[in-house]
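Per the working numbering, residue 1 is the first one in the sequence shown, and the count goes up by one each step.
A short worksheet on the structure shown next.
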Amino acid sequence: MKDRIEQILGEIEGLKCATAAEIEEARVRLLGKKGEITALFDEFRSVAPEQKREFGQKLNQLKTAAAAKIEALKAQATALADKAASGNLDLSRPGDDYPLGSRHPVSIVREEIVEIFRKFGYDVAEGPEIEDDYHVFTALNFPPEHPAREMQDTFFVTDNQKENPILLRTHTSCVQVRCMETMPLPIRVICPGRVFRNEAISARAHCIFHQVEGLYIDEHVTFADMKQAILLFAREMFGPETQIRMRPSYFPFTEPSAEVDVSCNICHGKGCNVCKGTGWLEILGCGMVDPNVLEASGIDSTKYSGFAFGMGIERIAMLKWQVKDLRHYFENDLRFLSEFESNI
Ligand code: DAH
Numbered sequence: 001m002k003d004r005i006e007q008i009l010g011e012i013e014g015l016k017c018a019t020a021a022e023i024e025e026a027r028v029r030l031l032g033k034k035g036e037i038t039a040l041f042d043e044f045r046s047v048a049p050e051q052k053r054e055f056g057q058k059l060n061q062l063k064t065a066a067a068a069k070i071e072a073l074k075a076q077a078t079a080l081a082d083k084a085a086s087g088n089l090d091l092s093r094p095g096d097d098y099p100l101g102s103r104h105p106v107s108i109v110r111e112e113i114v115e116i117f118r119k120f121g122y123d124v125a126e127g128p129e130i131e132d133d134y135h136v137f138t139a140l141n142f143p144p145e146h147p148a149r150e151m152q153d154t155f156f157v158t159d160n161q162k163e164n165p166i167l168l169r170t171h172t173s174c175v176q177v178r179c180m181e182t183m184p185l186p187i188r189v190i191c192p193g194r195v196f197r198n199e200a201i202s203a204r205a206h207c208i209f210h211q212v213e214g215l216y217i218d219e220h221v222t223f224a225d226m227k228q229a230i231l232l233f234a235r236e237m238f239g240p241e242t243q244i245r246m247r248p249s250y251f252p253f254t255e256p257s258a259e260v261d262v263s264c265n266i267c268h269g270k271g272c273n274v275c276k277g278t279g280w281l282e283i284l285g286c287g288m289v290d291p292n293v294l295e296a297s298g299i300d301s302t303k304y305s306g307f308a309f310g311m312g313i314e315r316i317a318m319l320k321w322q323v324k325d326l327r328h329y330f331e332n333d334l335r336f337l338s339e340f341e342s343n344i
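Now the structure itself:
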């Protein structure tokens with residue numbers, strides 16, 4: 001019996017099985033009900049009592065060694081199977097898609113406008129969206145009965161019957177006032193921001209939109225300086241061939257005032273449906289800062305003069321990309337937003 005135990009131990013040591021089926025076969029052969037080791041346990045019953053202790057220990061060791069070997073072989077086989085499976089990896093399979101976000105078209109255009117004026121030496125300034133009547137209207141020379149002060153146009157935060165009510169700014173021109181109040185002269189600033197008007201939402205109007213305001217105040221600033229700045233801006237924004245034209249207009253805070261058109265960059269002046277056959281597209285309002293506005297903010301209008309302009313960012317973006325419906329800018333539909341690429 002002793003020889004038999006030694007022999008099986010040796011066998012176990014040298015046991016090599018490649019597959020799960022072979023391992024199972026070895027297990028049954030050794031440890032199964034009719035297995036070799038089980039048979040030795042049967043034989044053990046008839047061993048002489050004085051040898052029982054020695055053989056008993058040996059048999060138990062054999063059984064443990066056989067079970068451990070089978071487990072080790074199983075673990076090895078599983079590891080091999082895993083390795084084989086990873087060998088089936090298709091490295092040419094397309095990876096998982098992690099889409100990158102892109103900038104909102106309004107942000108792209110705002111940055112473009114700001115960058116152009118930054119090159120001309122303008123600083124960037126921002127003011128509060130929740131403003132008071134004084135900065136939005138009074139300091140900008142709006143007469144008390146001006147229709148823009150009505151509930152239909154302006155969202156009021158506090159009672160509009162009381163003095164200097166709080167409201168949502170209806171234009172970024174109020175940032176001009178804040179700059180004139182706080183900045184040392186000369187002032188050259190560009191002020192991008194969000195504005196609010198009590199308008200019914202449609203393809204052409206929205207109650208929230210964005211503007212960029214510009215202000216330049218120094219000694220001897222003339223209308224010609226303004227024209228030059230706007231022409232250079234238009235050429236940077238819409239291309240070097242762009243022409244501008246100015247039409248007389250009216251704003252309470254500028255005198256004289258003008259509206260500026262650029263030559264249509266789609267048909268190059270021939271007339272198309274974007275420019276409605278005129279060859280021109282309106283882009284901004286501007287003018288020489290009214291002396292009343294300078295004086296209201298404590299600037300000596302006999303010494304200083306300046307110009308101001310304001311444009312709608314969505315409007316410029318619509319012209320740039322031929323977007324016909326303003327509502328697209330506010331719906332956050334990824335199919336729309338992912339159309340715009342920028343290097344900003
Ligand atoms: N604030 C005007 C608007 O919202 C735009 C504007 C026109 C701004 C003329 C100006 C300006 O600074 O000079 O329609």
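Every residue gets a Cβ at the ideal spot worked out from N, C-alpha and C, and that includes glycine.
By the three-class DSSP mapping on this structure, what secondary structure does residue i have?
i: Thr254; result: strand
i: Val135; result: For the record, residue 135 in the displayed sequence is His; it is not Val. If DSSP states are grouped into helix, strand and coil, His135 belongs with the helices.
i: Thr214; result: Note on identity: in this sequence residue 214 is Gly, with Thr being the wrong assignment. Gly214: strand per DSSP, three-state reduction.
i: Gly32; result: coil
i: Asp123; result: strand
i: Pro192; result: strand
i: Val47; result: coil
i: Ile8; result: helix
i: Ile130; result: strand
i: Val114; result: helix
i: Asp338; result: The question names Asp, but residue 338 is Ser in the sequence shown. Coil at Ser338, not helix or strand.
i: Phe156; result: strand
i: Ser86; result: helix
i: Gly95; result: coil
i: Ile70; result: helix
i: Met347; result: The chain is shown only over 1 to 344; residue 347 falls outside these bounds and no answer can be derived.
i: Phe330; result: helix
i: Met151; result: coil
i: Gln243; result: coil
i: Glu145; result: coil
i: Leu232; result: helix
i: Glu163; result: coil
i: Lys63; result: helix
i: Ala203; result: coil
i: Thr78; result: helix
i: Lys16; result: coil
i: Lys270; result: coil
Please classify residue i as buried or exposed, where buried requires at least 16 neighbouring CB atoms within 10 angstroms.
i: Gly127; result: buried
i: Pro192; result: buried
i: Arg45; result: exposed
i: Ser305; result: buried
i: Arg204; result: exposed
i: Val28; result: exposed
i: Glu131; result: buried
i: Tyr122; result: buried
i: Ala85; result: exposed
i: His146; result: exposed
i: Thr302; result: exposed
i: Ala21; result: exposed
i: Ala79; result: exposed
i: Ile201; result: exposed
i: Asp159; result: exposed
i: Ser173; result: buried
i: Gly87; result: exposed
i: Gly298; result: exposed
Looking only at DSSP bridge pairs, what is residue i linked to?
i: Ser297; result: Partner(s): none; Ser297 has no beta bridge.
i: Pro248; result: Ala258
i: Tyr304; result: Glu219
i: Met311; result: Val212 and Leu284
i: Val349; result: Not covered by the structure: residue 349. The range shown for the chain is 1 to 344.
i: Ser107; result: Ser107 pairs with nothing; no bridge assigned.
i: Leu168; result: Ile130
i: Val323; result: None; Val323 has no bridge partner.
i: Ile187; result: Ile217
i: Val289; result: Thr254
i: Ser263; result: Trp280
Check whether the Cβ of residue i sits closer than 8 Å to any heavy atom of the ligand PLP, and report yes or no.
i: Gly310; result: Annotation note on the ligand PLP: not contained in the displayed structure, which lists the ligand DAH as its ligands.
Can we say the region 213-228 touches the region 309-321, given the rule of at least three CB pairs closer than 8 Å?
yes
Taking contact to mean 3 or more Cβ pairs, one atom from each stretch, closer than 8 Å, check whether the region 218-233 and the region 150-169 are in contact.
no
Does the pairing of the region 252-261 with the region 137-149 give three or more beta-carbon distances under 8 Å?
yes
On the three-pair Cβ rule with 8 Å, is the region 234-246 touching the region 111-125?
yes
Counting pairs of Cβ atoms below 8 Å between the region 7-16 and the region 53-70, do you hit three or more?
yes
Using 8 Å as the Cβ pair cut-off and three pairs as the minimum, do the region 238-247 and the region 260-277 touch?
yes
Are three or more beta carbon pairs between the region 320-336 and the region 103-113 nearer than 8 Å?
yes
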